[in-house]
Every structure is written in structure tokens, then in C-alpha cells.
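Taken in order, these protein sequences are the chains called A and B.
When we follow the working numbering, the leftmost residue of the first sequence carries the number -19, and every step to the right adds one.
When we follow the working numbering, the leftmost residue of the second sequence carries the number -19, and every step to the right adds one.
Taking it in order: structure first as C-alpha cells, then the write-up.
2 protein chains.
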Amino acid sequence: MDIRERLARNLRKMRQQKNLSQEAFAHDVGIHRTYISDLERGARNPTITIIDKLARFLGVTPGTLLDE
Amino acid sequence: MDIRERLARNLRKMRQQKNLSQEAFAHDVGIHRTYISDLERGARNPTITIIDKLARFLGVTPGTLLDE
DNA sequence: ATGTGACTCATAGTCCGTG
DNA sequence: TCACGGACTATGAGTCACA
């Protein structure tokens, strides 16, 4: 599977496990709401600094977001 | 440690383990040679598609390149 | 609460070189 | 063989209005 798709699925799942809306999640992470929406649809090709931000907030390693 | 630093170290180590020059490695992966040089010095902020390319060629998961 | 198109500005990524 | 620079084009970062 495409790496963007994997990120999309992993991100959405992990956000939902925190019971956060995209809006609340985006606010907490410090990324714009629509950007999160794009990521969860695999519509963006983010840099690793974005991955790092997400992983840190979620308390996981970057690999957890990108690996299957 | 910074995620770019981690990538830099992991990448250099894994390339050297294959006994490839930056130039040969870059050619095989399909990325420009100067870009590999930049990555190994932590001077760049690559997108996840670049990470994917590197990981596939090296036969590892993206996490192996980004996690410590 | 979320998806989407459009937009500006910064930077990812390429290609030419040099010591 | 590699670090590093300059110049360039393509695309990501970040935001908004609207459905």
C-alpha cells in the first residue's frame, strides 16, 4: 500500500481512539484543521517534521504512523 | 534527538553497510546524489515519499529509518 | 464535524559546478 | 568520494470560504 494511505489510516484510527474530532486534534497538535483532514484522506505528501509533530503528540514513534 | 538527525545517521550507516558510494546509492534509488549528501548531513526535511523510496530500496520499513 | 478548491509563500528536490 | 554552493522548477505548508 502507498505510504500516504498507511499514514492516513493510522492517523485517523489513532485520533479516533483518543476520542478527538479533527478540529480538537488539530488544535492540540498545532496544525490546521483542514490539513489534518487532507492527511486523513491521503491527499497530502507531508515532510518528516509533520510526522514528528503528530507522533510526539500521539506518544508513538514515527514508524508507528508510517509502518503498517 | 531531531528526526532529521536520526534519519541522517540511519541512512549513512545503512548505505555504508551496502558498500555503496553516495553516488552509486543515489543512482540506484533514483534520487539525486547531492540530495543524498544533504540527507546524510541532516540538512534536509524530506517528504514521506522519499522515505518510502529509501526504505524500499534498503529493504526495511520507514520506521527503521526514522525511529531510533 | 468534515471535505474540498483555491490561494500565497516557503521549501523540497534537481542539476550545474568547485575544492 | 564527498561537502558545499548557486540557481532553478515543482510541490509542500499553511490558510480561507463554502458545501
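Where a beta carbon is used, it is the ideal one built from N, C-alpha and C, also for glycine.
Quick caveat: nothing in here was measured; it's all calculated off a predicted structure.
Neighbourhood of His50(B) by C-beta distance below 8 Å, restricted to the same chain and skipping five residues each side: It is not possible to answer for residue 50(B), since the shown part of chain B is limited to -19 through 48.
List the residues of chain A that Leu46(B) touches, going by C-beta distances under 8 Å, in chain order. Against the second sequence, residue 46(B) aligns to sequence position 66. The CB of Leu46(B) comes closer than 8 Å to the CB of Ile28, Ile31, Thr41, Pro42, Gly43, Leu46 in chain A, given here in chain order.
Got a sec: is the Cβ-Cβ distance from Ile11(A) to anything in chain B below 8 Å? As a working mapping, residue 11(A) is identified with position 31 in the first sequence. No, its Cβ sits nowhere closer than 8 Å to a Cβ of chain B.
Secondary structure, alpha helix (DSSP H): runs of 4+ residues fully inside the stretch -12 to 34 of chain B: 2 to 9, 13 to 20
Using Cβ-Cβ distances below 8 Å, what residues of the stretch -16 to 6 of chain A are close to chain B? Arg(-16), Leu(-13)
DSSP three-state call for Gly39(A): helix, strand or coil? The residue given as residue 39(A) occupies position 59 in the first sequence. Three-state DSSP puts Gly39(A) in coil, outside helix and strand.
Using only the alpha-carbon positions, how far apart do Lys(-2)(A) and Ile31(B) sit? Within the first sequence, residue -2(A) is the residue found at index 18, counting from 1. Within the second sequence, residue 31(B) is the residue found at index 51, counting from 1. The straight-line gap from Cα to Cα measures roughly 27 Å.
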